[in-house]
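Trainee: I have a structure I would like to understand better, so I am pasting it below and will then ask my questions one at a time.
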Amino acid sequence: MRFAYHFWDSSHFLVGGVIAFGLLLIVALLVRDRVVRRCAFHQVGDESLVRTLIWGGVTTRRWIKGTLFLLAMVCMGLAFARPQSSRGTRLIPATNLDVVLALDYSKSMYARDIIPSRIDRAKVEVARLVRQLAGARFAAVAFAGEPMSFPLTSDGAAIVQFLRQLEPNDMPVGGTATARALRRAGELFSRDPQAKDHVRVIVLITDGEDLEGDPVITATALAKEGIRVDVVQIGGKVPEAIPEVNEEGKIIGFRRDEQGKLLTTELSAEGEVRLSKIASLTGGTLVRSEQGGTGIEQITETLSRMMREELSERVEYVFSEEYAWPLGLAIVFLTVEAWIGEAPLRKQRKRSLRSILFSSLWLSLLTGIGCNKWNPAHPFEHNAPLVSKAVDALDGGDASAAALSLEQYLGAGGCAEGNIGITPSMEKRPAAVYDLALAYFLQAEGEGPPFGEEEDGTQSAKDSVAQKRIEKTQCALQLIEKVLLEKGVEPSSDWWLLGQYLKGNLHFLRGRYQKAVEAYEAILKRTPAQEQGVEGGGGPESLEIARRAAWNRAIAIRRVEQAPPSPPPDGDLDGGSSSDRDSGEGGSGQGQAKNQQDQQESPSDAGASSEPSEGGGSVQGAFPDVSSPSGSPSSDQGDRILEQFEHAPTVQQEVAKKRAKARQLRGGIDK
């Protein structure tokens with residue numbers, strides 16, 4: 001237990017002071033009232049006699065009312081401090097680091113005060129920086145009078161090669177425009193859609209001789225966008241001659257102006273102040289080159305430490321708000337205090353009416369605060385904010401937003417190239433795992449023909465649309481098989497049935513109808529025993545899932561029979577092959593009440609236009625005989641129950657009538 005609002009903190013000191021002053025004022029008023037009363041009693045006569053005549057011996061009631069009022073104030077103060085209880089831990093994934101290397105390529109970088117030269121030494125140190133910051137993304141800006149850039153990439157060798165092959169003589173415009181370089185670096189971040197979620201750093205390497213523009217203004221704009229600028233100032237304050245270098249890289253003399261005077265480079269006081277402001281405004285650091293060095297190695301150590309300590313994967317404690325408990329107690333205390341009179345009731349109709357109105361007001365407030373999304377079956381349980389956001393997104397048809405919220409809640413790194421990170425918290429949260437797999441299913445369904453509709457046969461399995469569908473279904477299958485079915489739930493629970501049903505639908509969506517049949521049969525092997533009352537049986541929800549599985553299984557078997565003898569591979573990420581993706585019906589995932597209303601007639605569109613008896617016959621012929629333990633139904637009884645499932649009304653009709661049940665099947669409560 002902890003308190004999120006600390007009145008003694010400097011940030012909350014003003015509010016805490018106001019509350020403390022209010023409490024002291026109330027105490028002072030109560031003390032003043034008591035003193036005034038005693039003085040008045042002494043003026044009238046004997047204090048004890050006057051007190052008895054006025055209060056009639058009801059001092060105990062006054063003490064009880066005062067105690068209840070005091071307790072209510074204490075509970076309100078506790079509620080205002082926002083008590084929180086620990087709800088466990090969650091894994092915070094690592095945050096990527098994006099670095100733009102802005103290197104000065106003006107002619108003054110040919111100076112030899114740093115061996116072998118400023119520019120050559122800077123290239124070597126930049127290459128070392130890239131090697132040591134493994135895992136970060138890099139971009140490059142080479143600037144003189146005009147900047148040249150290379151976009152953000154994870155290929156650090158490409159950045160090193162880009163900077164290594166350039167020379168100051170290659171720059172089309174001479175001079176030093178630091179403001180333009182910083183502006184171009186900010187544009188590289190804004191062009192990359194992933195950069196906004198990463199830590200962004202610009203490493204500015206220059207000798208400080210800015211000949212045009214005001215980089216301080218540009219640095220202020222970068223600071224507003226949350227971009228940090230670390231400045232490496234190369235060169236000293238002592239004038240240094242600038243060599244003249246030919247196209248072959250050989251020194252042929254020293255640079256001179258039109259009057260023949262030797263050109264030198266040095267850091268001016270104005271340039272030093274300008275570089276310092278750039279670093280301080282953006283929260284970066286300014287490193288000056290020392291004798292024989294450039295200072296880039298210090299920036300490398302700082303960024304490396306940041307990646308290890310601040311941006312690495314970490315475990316965070318999750319707390320839930322518990323202010324409702326002390327607030328509810330405060331309301332109860334005030335309600336009881338209002339019902340207790342200062343004297344035994346005689347004929348105080350007006351006072352009774354006022355107490356009833358006052359208590360009714362507090363009870364209505366308690367109902368409005370405590371009963372928001374309240375489930376009577378689980379009065380002390382509530383969804384985590386991210387889970388509630390995901391369920392609302394699924395209800396609204398936004399599978400991408402739901403997947404993003406659930407990935408954050410479970411600490412998963414997201415679905416990338418058909419793989420998703422499995423975290424220890426997933427085993428304890430099967431409902432959230434199922435919802436995330438369902439969100440991936442809906443995303444995969446949106447990448448191509450809807451579930452149960454026939455493909456035109458002309459689309460290659462290797463195109464971008466089919467590849468996205470394969471990646472999403474592969475991630476969903478990993479969640480279902482490795483977490484939900486293998487570790488997350490017991491085979492006797494309804495979550496196991498839901499996982500098997502979604503697994504079958506995922507294989508069906510991929511066109512792997514034989515594997516879909518196996519998943520559906522796993523449901524049907526268990527559910528007939530439940531119908532007969534065998535131990536471990538389920539309720540109406542289990543039978544509804546079984547009816548869906550039976551219907552989908554019949555269609556999947558029909559697709560297997562209609563498949564050509566040598567089906568081509570589907571280009572799955574796991575290297576498997578599948579049958580041709582014909583059309584099929586059977587629901588688009590557990591709990592899609594909105595989409596299922598549009599699919600009530602889909603059996604006829606899915607190649608199942610014959611009478612239900614035809615589908616039933618097909619299922620009976622394909623369902624394998626399974627040896628049953630003693631007490632379980634016989635094979636004939638299982639076939640008869642299976643036939644009843646297939647002749648039952650479609651799941652789409654049932655869900656359309658009972659949307660509340662469908663939503664419960666899909667978005668289970670997660671604690």
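Quick note on full-length UniProt numbering: the sequence shown kicks off at 1 and runs consecutively. We treat Cβ as the ideally placed atom computed from N, Cα and C, and that holds for glycine.
Measure the CB-CB distance between A399 and I234 and report whether it falls below 8 angstroms.
Mentor: No, the Cβ-Cβ distance between A399 and I234 is not below 8 angstroms.
Trainee: Taking all protein chains shown into account, decide if A516 is buried (16 or more other Cβ within 10 angstroms of its Cβ) or exposed.
Mentor: Counting Cβ neighbours within 10 Å, A516 comes out buried, since at least 16 surround it.
Trainee: Just the Cα atoms here: how many angstroms apart are R2 and Y323?
Mentor: Spanning the two alpha carbons is a distance of roughly 11 angstroms.
Trainee: Could you spell out where the beta strand (DSSP E) holding A102 opens and where it closes?
Mentor: From DSSP, the beta strand (DSSP E) with A102 extends over L97 to D104.
Trainee: Alpha carbon to alpha carbon, what distance is there between I278 and V216?
Mentor: Approximately 6 angstroms between the Cα atoms of the pair.
Trainee: Taking DSSP as the reference, what is the three-state secondary structure of P243?
Mentor: Reduced to three states, the DSSP call for P243 is strand.
Trainee: Alpha carbon to alpha carbon, how far is L509 from P424? Give it in angstroms, no decimals.
Mentor: Approximately 29 angstroms, taken between the alpha carbons.
Trainee: Given T282, which residues of its chain have a CB within under 7 angstroms of its CB, disregarding the five upstream and five downstream residues?
Mentor: So the list reads A219, L222, A223, I227, R228 and V229, once near-sequence residues are dropped.
Trainee: Please state whether the Cβ-Cβ distance between S85 and S276 is less than 8 angstroms.
Mentor: Not a contact, by the Cβ cut-off of 8 angstroms.
Trainee: Between the Cα of G418 and those of A444, A432 and Y409, spot the shortest distance and give me the residue it belongs to.
Mentor: Answer by Cα proximity: A444.
Trainee: Report buried or exposed for I340, applying the criterion of at least 16 other Cβ atoms within 10 angstroms of its Cβ.
Mentor: With fewer than 16 other Cβ atoms within 10 Å, it is exposed.
Trainee: Go ahead and pull the three-state DSSP assignment for P326.
Mentor: Looking at P326 - three-state DSSP - the assignment turns out to be helix.
Trainee: Which runs of the beta strand (DSSP E) fall wholly inside the stretch 161-230 and span at least 3 residues, in chain order?
Mentor: Here the runs fully enclosed are 199-206.
Trainee: CA-CA distance, V287 and T302?
Mentor: Each residue's alpha carbon lies about 11 angstroms from the other.
Trainee: Mind checking which residues open and close the alpha helix (DSSP H) that includes S405?
Mentor: First-last of the alpha helix (DSSP H) with S405: A399 to L410.
Trainee: Among the residues of its own chain, which have a CB less than 7 angstroms from the CB of Q408, if the five just before and after it don't count?
Mentor: Correct list, in chain order: L386.
Trainee: In the DSSP assignment, find the unbroken alpha helix (DSSP H) run with residue 672 in it and report its ends.
Mentor: Residue 672 lies beyond the residue range present for the chain, which begins at 1 and ends at 671; the question has no answer from this structure.
Trainee: Identify the continuous beta strand (DSSP E) that holds I420 and give its terminal residues.
Mentor: It is not in any beta strand (DSSP E) - I420 carries neither H nor E in the DSSP assignment.
Trainee: How big is the Cα-Cα spacing for P193 and P151?
Mentor: Between P193 and P151, the C-alpha separation is close to 12 angstroms.
Trainee: Could you check the C-alpha separation between E481 and K503 for me, to the nearest Å?
Mentor: So the alpha carbons of these two residues sit roughly 8 angstroms apart.
Trainee: Taking the continuous alpha helix (DSSP H) assigned at M306, which residues delimit it?
Mentor: First-last of the alpha helix (DSSP H) with M306: I296 to E309.
Trainee: Identify the residues that DSSP records as bridge partners of T153: which are they?
Mentor: DSSP lists F138 as partners of T153.
Trainee: Considering just the uninterrupted stretch of the beta strand (DSSP E) at residue 673, what are its terminal residues?
Mentor: In this structure the chain extends from 1 to 671, so residue 673 is not present and cannot be described.
Trainee: State buried or exposed for E309, treating a residue as buried only when at least 16 other CB atoms are found within 10 Å of its CB.
Mentor: Exposed, since its Cβ has fewer than 16 Cβ neighbours within 10 Å.
Trainee: Just list the residues that DSSP pairs P83 with in beta bridges.
Mentor: P83 pairs with F3.
Trainee: For the alpha helix (DSSP H) containing Q132, name the first residue and the last one.
Mentor: Per DSSP, Q132 belongs to the alpha helix (DSSP H) from R118 to Q132.
Trainee: Output the distance between the C-alpha atoms of E47 and F41, rounded to the nearest integer angstrom.
Mentor: Roughly 5 angstroms between the two C-alpha positions.
Trainee: What whole-angstrom Cβ distance do residue 718 and L263 have, given they're in contact under 8 angstroms?
Mentor: Residue 718 is absent from the model: the chain starts at 1 and stops at 671.
Trainee: Quick one: measure Cβ to Cβ for V483 and V433, integer angstroms, because I've assumed they're closer than 8 angstroms.
Mentor: Indeed they touch by this definition, with Cβ atoms about 5 angstroms apart.
Trainee: Which first and last residues belong to the alpha helix (DSSP H) in which E445 is found?
Mentor: From DSSP, the alpha helix (DSSP H) with E445 extends over P430 to G446.
Trainee: Hey, N169 and A136: beta-carbon distance below 8 angstroms or not?
Mentor: No; because the gap between Cβ atoms is not below 8 angstroms, this pair is not in contact.
Trainee: Rounded to whole angstroms, what is the Cα-Cα separation between residue 673 and G414?
Mentor: In the structure displayed, the chain extends from 1 to 671; residue 673 sits before or after that span and is not available.
Trainee: Please check the pair G284 and E225, which I expect to be a contact at CB under 8 angstroms, by giving their CB distance rounded to whole angstroms.
Mentor: The pair is not a contact, with the Cβ atoms about 14 angstroms apart (cut-off 8 angstroms).
Trainee: With a cut-off of 8 angstroms on the beta carbons, I'd call Y110 and L166 a contact; round off their distance for me.
Mentor: About 13 angstroms separates the two Cβ atoms, so there is no contact after all.
Trainee: Which residues in the same chain as residue 673 place their Cβ atom closer than 7 angstroms to its Cβ, once the five residues preceding and following it in sequence are excluded?
Mentor: Residue 673 lies beyond the residue range present for the chain, which begins at 1 and ends at 671; the question has no answer from this structure.
Trainee: In or out: L498 buried (at least 16 other Cβ within 10 Å) or exposed?
Mentor: The residue is buried, with at least 16 neighbouring Cβ atoms inside 10 Å.
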